[in-house]
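Asks:
What follows is the structure, encoded as structure tokens:
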């Protein structure tokens, strides 16, 4: 059962819909780096330690997937009991990306994006072909920072798959930042400087297929009531499918954690995107998925127990005082138009 707090947060999110529409997070590209300016050198430590791959990524015979986890968890917690076994069963090569210095993705996401940028480049080199980048929540958005500010990565990525991605932040997060919160939470507010920069210039790029999956009953990433909500993307030249799980199964009610872990509709859409040219097509999803409780790959006995542990992990990370700071991290120089080269 969902804690009452989740329903309260969802109510706050819906009531705050106009905050996203009218907030400063939708500003244009003025003052930001041109979209074709080469990105800076990667400066974070232990880049090689951030990537773990299956053996079949090297010289891959099909599109491999880079998995990027959500705020408050690492890749093993987010994907170890669901998407990793699913991909192994389907023969899909994959890597997971984690920050060696910030394993639960609570710190400055500008630093996290450097590890993702490294992961994209290294996977492309290993596979000898374009890759997919797929993630949950923060992980469903963070690859877009790499694509925006390291333009060389665009030719390396064929698919972007976001599960409840915070592409335009959330109107719920500010309630978690009174009086302070983790850097990554400051940056995932709907009107944060990070979100304004992320969506400057253009939201998508030609040659890349974007599948953005969201739930209208997500209690954390809101507003997500339609395809103009926070997770959805528009414009820029990429091929985009913005789809709610309720578009496939009207009675589905997955909340934030479920959509990135055990939800069968989300996994069906993700696999559809990975096994077809272009983004996912909801019309290809068999409606039998609506009668399933768990996605393929999740053990019906241990999966729900792991999910319960994951829920506790998320709650613990959100309340760790040592990770709290009083304000959003400043934007890096390379984000701005007048940064000296």
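In mature numbering (1 follows the signal peptide of the UniProt record, and there is no 0), the protein residues as written are -29 to -1, 1 to 312. Glycine included, C-beta positions come from ideal geometry on N, C-alpha and C.
(1) Indicate, with yes or no, if the ligand NAD has a heavy atom lying under 6 angstroms from the CB of residue 254.
(2) Does DSSP put residue -4 in a helix, in a strand, or in coil?
(3) Does the structure place the segment 272 to 281 close enough to the segment 35 to 53 that three or more beta carbon pairs sit under 8 angstroms?
(4) Output the distance between the C-alpha atoms of residue 37 and residue 58, rounded to the nearest integer angstrom.
(5) With residue 113 and residue 182 assumed to form a contact (beta carbons below 8 angstroms), what rounded beta-carbon distance in angstroms separates them?
(6) Taking the alpha-carbon positions, what's the residue 301 to residue 260 distance?
(7) Which value, in whole angstroms, describes the spacing of the CA atoms of residue 83 and residue 92?
(8) Applying the criterion that 16 or more other CB atoms from any shown protein chain within 10 Å of the CB defines a buried residue, is residue 199 buried or exposed?
(9) Measuring only the C-alpha atoms, how far is residue 201 from residue 20?
(10) Would you give the residue range spanned by the beta strand (DSSP E) that residue 273 belongs to?
(11) What do you reckon, are the CB atoms on residue 54 and residue 35 nearer than 7 angstroms?
(12) On the criterion of 16 or more Cβ atoms from any shown chain inside 10 Å, does residue 187 qualify as buried, or is it exposed?
(13) Whole-angstrom Cβ separation of residue 108 and residue 87, contact assumed at under 8 angstroms?
(14) Given a cut-off of 7 angstroms, decide if residue 204 and residue 226 are closer than it, judged by their beta-carbon atoms.
(15) Taking only the alpha-carbon atoms, compute the straight-line gap between residue 52 and residue 270 and give it to the nearest angstrom.
(16) To test your reading of the DSSP string, which unbroken beta strand (DSSP E) runs of 3 or more residues are found completely within the segment 60 to 89?
(17) Taking the alpha carbon of residue 266 as the reference point, which residue from 40, 56, 15 and 9 has its own alpha carbon closest?
(18) What is the DSSP secondary structure of residue 162, counted as helix, strand or coil?
(19) Taking only three categories from DSSP, how would you classify residue 227?
(20) Please confirm whether residue 192 and residue 253 have their CB atoms less than 7 angstroms apart.
Replies: Looking at the coordinates:
(1) This structure does not include the ligand NAD; it has no bound ligands of any sort.
(2) The sequence position of residue -4 within the chain shown is 26, counting from 1. Interpretation of residue -4 is limited by its pLDDT of 35, a score under 50 that renders its predicted location unreliable; the figure taken from the coordinates is listed afterwards. In the structure shown, residue -4 sits in a helix (DSSP, three-state: H, G or I).
(3) yes
(4) What you label residue 37 is simply residue 66 of the chain shown in a count that begins at 1. What you label residue 58 is simply residue 87 of the chain shown in a count that begins at 1. In a straight line, the C-alpha of residue 37 is about 11 angstroms away from that of residue 58.
(5) As a position in the chain shown, residue 113 is number 142, starting the count at 1. As a position in the chain shown, residue 182 is number 211, starting the count at 1. Not quite, the Cβ-Cβ distance comes to about 16 angstroms (not below 8 angstroms), so this is no contact.
(6) What you label residue 301 is simply residue 330 of the chain shown in a count that begins at 1. What you label residue 260 is simply residue 289 of the chain shown in a count that begins at 1. The straight-line gap from Cα to Cα measures roughly 44 angstroms.
(7) Position 112 of the chain shown, counting from 1, holds the residue named residue 83. Position 121 of the chain shown, counting from 1, holds the residue named residue 92. Those two C-alpha atoms are separated by around 15 angstroms.
(8) Residue numbering aside, residue 199 sits at position 228 when the chain shown is read from its first letter. By the 10 Å Cβ count, residue 199 comes out exposed.
(9) Within the chain shown, numbered from 1, the residue matching residue 201 stands at position 230. Within the chain shown, numbered from 1, the residue matching residue 20 stands at position 49. Spanning the two alpha carbons is a distance of roughly 32 angstroms.
(10) Residue mapping note: residue 273 aligns to position 302 of the chain shown, counting from 1. Run containing residue 273: none in the beta strand (DSSP E); it sits in the alpha helix (DSSP H), 273 to 289.
(11) Translated into the one-based positions of the chain shown, residue 54 becomes position 83. Translated into the one-based positions of the chain shown, residue 35 becomes position 64. No, the pair does not count as a contact, with Cβ atoms beyond the cut-off.
(12) In the chain shown, the residue the question calls residue 187 occupies position 216. By the 10 Å Cβ count, residue 187 comes out buried.
(13) As a working mapping, residue 108 is identified with position 137 in the chain shown. As a working mapping, residue 87 is identified with position 116 in the chain shown. Rounded, the Cβ-Cβ distance is 14 angstroms, inconsistent with contact.
(14) Stepping through the chain shown from its first residue, residue 226 is reached at position 255. Stepping through the chain shown from its first residue, residue 204 is reached at position 233. Not in contact: residue 226 and residue 204 (Cβ atoms no closer than 7 angstroms).
(15) Position 81 of the chain shown holds residue 52. Position 299 of the chain shown holds residue 270. The straight-line gap from Cα to Cα measures roughly 8 angstroms.
(16) Runs of the beta strand (DSSP E) inside the segment 60 to 89: 65 to 68.
(17) Here residue 266 refers to the residue found at position 295 of the chain shown. Of the listed residues, the one whose Cα sits closest to residue 266 is 56.
(18) For the purposes of this step, residue 162 is identified with residue 191 of the chain shown, where counting begins at 1. Coil, per DSSP.
(19) Your numbering for residue 227 matches position 256 in the chain shown. In the structure shown, residue 227 sits in a helix (DSSP, three-state: H, G or I).
(20) Within the chain shown, residue 192 is the residue found at index 221, counting from 1. Within the chain shown, residue 253 is the residue found at index 282, counting from 1. Not in contact: residue 192 and residue 253 (Cβ atoms no closer than 7 angstroms).
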